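Sequential numbering from 390 applies to the sequence shown in the numbering used here.
Don't be surprised by glycine CBs; every beta carbon is placed ideally from N, CA and C.
Just so it is clear, the structure is predicted and the values come from calculations on it, not from any experiment.
I have placed the structure first, in the form of structure tokens, so that the comments after it can refer back to it.
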Amino acid sequence: MGKLYALYLLFAFTAFSTLEAQTVQWAKRVGGPHEDKIRSVATDGDGNLVVLGSFATTADLNPGDDVNPFSTLYPENYLGDIFISKLDENGDALWITQIGCNAGIFPSDLSVDAQGNSYVSGQFMGSAQMNIAGTISTFTSSGGYDAFIAKVDTNGNIVWAKSVGAGTDDFTRTVHATADGVLLGGYISQTVAFDANDPQYTLNASEIGDPFLAKFDFNGNVVWSSIFQGDGDWVAVPNEITDVTTDASGNIIAVGRFHSTVDFDPGSGSHQVASYAQNFGDSFIVKLSAHYIWTRHFGNTSQDGQFTSIAIDQGGSIFVSGVFAGPTDFDGQLLTTSPDYFATPTFAVFRPMEICFGQKNGAER
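Spelled out as structure tokens, the structure:
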């Protein structure tokens, strides 16, 4: 008998802009007899909750009283399908959309624009199937995992979808809707064309994988694509962008992990940054506009570190979170883990002229 994995949706805050006086409004459950996961959630301007997740074999994806069973589009794919759903302020499903694959498909991130459209990203291997504007469309990967981005309108219809990849693995980690388009970030390996009809959007990465950023307009057209070029030294995991956002001025701030040496200026200039140890990863944060602005990185010579999430408040302070292991100097504040090889959550705030760290193992720093 298989294990039962339940998905729980927790609508926890009366206001998402504050961390004080939190009140649980409701909690909901969706799921089936196998492993089901929620990957990301976001709210729209009407207070609805948009959910991105995955389910295996069969699952009831409606957290309300009505039963809304879904089955994977390819029964032979035990890894499961992706679902996107919109819930109203009471936690009842307004719509549910499914994306299937015959080999493997995994969600990575979700973002909602000012008009209430949703953008989802992920990666797939084999043949992925989507209902785009009423027509069943099939996307075939180039060999390994290919990255994809899709736009879903306010009624749950997939408007467009794009896939990018070469013969090796190419992953998305983050998607972020801006005032004039959509940013996509992750890593690519070897040569990847973001627009097969325009070579200016083709990027050449190292075989191990290099961080990339790309921007699409709201119609799915590529606006630009950029790569943070690595030196190609072999390590077990790729260099990658894990999250991206924009500030009030439209500047782009991204976080992630890198090994060895990476050029963090994606333009015609160069800003080479080396990790503290060639075989261990450092956390990084980079700020860009139409040109390179700055980079910060943190690590040590014996263990890996990685920033995984970023947010910006109205005052322009940048909040990042991630993990680190071993003694790590965060701009003059030495934090360590016990034992040294245990990864520990960390939280940091970047202000215009300073850096401070909030919590490590629950203790203020």
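Backbone secondary structure at residue i - three-state DSSP
i: Tyr-508; result: strand
i: Ile-744; result: The predicted model places Ile-744 with a pLDDT of 46, which falls under 50 and marks its position as unreliable; any figure quoted below should be read in that light. Reduced to three states, the DSSP call for Ile-744 is strand.
i: Tyr-665; result: coil
i: Arg-646; result: strand
i: Asp-454; result: coil
i: Ser-600; result: First, the amino acid is wrong: residue 600 is Pro here, not Ser. DSSP places Pro-600 in strand when its eight states are reduced to three.
i: Gly-570; result: coil
i: Tyr-590; result: helix
i: His-680; result: coil
i: Asn-520; result: strand
i: Val-611; result: strand
i: Ala-395; result: Unreliable placement is indicated for Ala-395, whose pLDDT of 39 sits below 50; no coordinate value is reported for it.
i: Gln-579; result: coil
i: Gly-715; result: coil
i: Ser-710; result: strand
i: His-565; result: strand
i: Thr-529; result: strand
i: Asp-535; result: strand
i: Ala-700; result: strand
i: Asp-620; result: coil
i: Ala-550; result: strand
i: Glu-629; result: strand
Nearest to residue i (by Cα), restricted to the options the options
i: Leu-450; options: Asp-636, Phe-669, Ile-471, Ala-566; result: Ile-471
i: Asp-498; options: Ser-510, Ala-663, Cys-490; result: Ser-510
i: Asp-606; options: Asp-620, Asp-569, Gly-621; result: Asp-569
i: Lys-551; options: His-660, Ala-517, Ser-578, Gly-545; result: Ala-517
i: Val-662; options: Ile-642, Val-644, Gly-656, Arg-685; result: Arg-685
i: Arg-562; options: Pro-496, Ala-582, Ala-555, Asn-457; result: Pro-496
i: Asn-689; options: Ser-638, Asp-718, Ser-595; result: Asp-718
i: Leu-572; options: Thr-543, Asp-587, Ile-630; result: Ile-630
i: Phe-713; options: Ser-706, Ile-701, Gly-704, Thr-726; result: Thr-726
i: Tyr-590; options: Leu-723, Trp-683, Ser-614, Thr-567; result: Ser-614
i: Ala-539; options: Gln-512, Gly-656, Phe-673; result: Gln-512
i: Gly-609; options: Ala-503, Phe-537, Ser-710, Gly-715; result: Phe-537
i: Ser-710; options: His-680, Gly-493, His-565, Ser-672; result: Ser-672
i: Asp-542; options: Ile-473, Asp-587, Ala-585, Ala-492; result: Ile-473
i: Ile-521; options: Asn-457, Val-644, Gly-545, Asp-584; result: Gly-545
i: Ser-659; options: Tyr-681, Ala-503, Leu-677, Lys-676; result: Tyr-681
i: Tyr-467; options: Ile-494, Val-501, Asn-457; result: Ile-494
i: Gly-358; options: Gln-722, Ile-707, Gly-694; result: Given a span of 390 to 754 for the chain in the structure shown, any question on residue 358 remains unanswerable.
i: Gly-704; options: Ala-679, Ser-638, Ala-492; result: Ser-638
i: Ser-355; options: Cys-490, Leu-723, Asp-587, Ala-448; result: This structure cannot speak to residue 355, because the chain is shown only from 390 to 754.
i: Arg-418; options: Gly-442, Gln-411, Ser-691; result: Gly-442
i: Val-564; options: Ile-485, Gly-619, Ser-500, Trp-549; result: Ser-500
i: Leu-438; options: Pro-422, Leu-476, Gly-575, Ala-643; result: Leu-476
i: Ser-507; options: His-423, Ala-566, Leu-592; result: Ala-566
i: Asn-628; options: Gly-523, Pro-464, Phe-560, Thr-446; result: Phe-560
i: Gly-721; options: Gln-692, Phe-687, Ser-460; result: Phe-687
i: Ala-555; options: Asp-620, Asn-593, Val-456, Asp-587; result: Asn-593
i: Phe-708; options: Ile-642, Gly-421, Gly-515; result: Ile-642
i: Gly-421; options: Val-456, Thr-412, Gln-411; result: Val-456
Anticipated Cβ contact below 8 Å, residue i with residue j, distance rounded
i: Gly-771; j: Pro-452; result: The requested residue 771 is not part of the displayed model; the chain covers only 390 to 754.
i: Ile-699; j: Asp-652; result: At roughly 21 Å, the Cβ-Cβ gap does not stay under 8 Å, so Ile-699 and Asp-652 are not in contact.
i: Pro-655; j: Ile-597; result: Pro-655 to Ile-597, Cβ: 18 Å. No contact.
i: Asp-584; j: Val-611; result: 5 Å
i: Ala-482; j: Gly-434; result: Going by Cβ atoms, the distance from Ala-482 to Gly-434 rounds to 19 Å, so no, they are not a contact pair.
Residue i - partner residues in DSSP beta bridges
i: Phe-495; result: Gln-512
i: Thr-635; result: Ile-641
i: Ser-500; result: Tyr-508
i: Arg-685; result: Ile-674
i: Ser-460; result: Thr-447
i: Leu-476; result: Leu-438, Ala-482
i: Gln-487; result: Phe-472
i: Ser-691; result: Ser-691 pairs with nothing; no bridge assigned.
i: Ser-337; result: Here the chain comprises residues numbered 390 to 754, so residue 337 is not present and cannot be evaluated.
i: Asp-652; result: Gln-661
i: Gln-722; result: Phe-719
i: Val-541; result: Ser-507, Ile-547
Any chain B beta carbon closer than 7 Å to residue i
i: Ile-521; result: The question asks about chain B, but that chain is absent: this structure has only one protein chain.
**OP:** Count the C-beta pairs between the segment 592-601 and the segment 660-672 that are closer than 8 Å, then say yes if the count reaches three, no if not.
**Re:** no
Subject >> the segment 418-433 in contact with the segment 528-542 per 3-pair CB rule at 8 Å >> reply: no
Original post:
Does the segment 639-651 come close enough to the segment 577-585 to have 3 or more Cβ pairs within less than 8 Å?
Top reply: no
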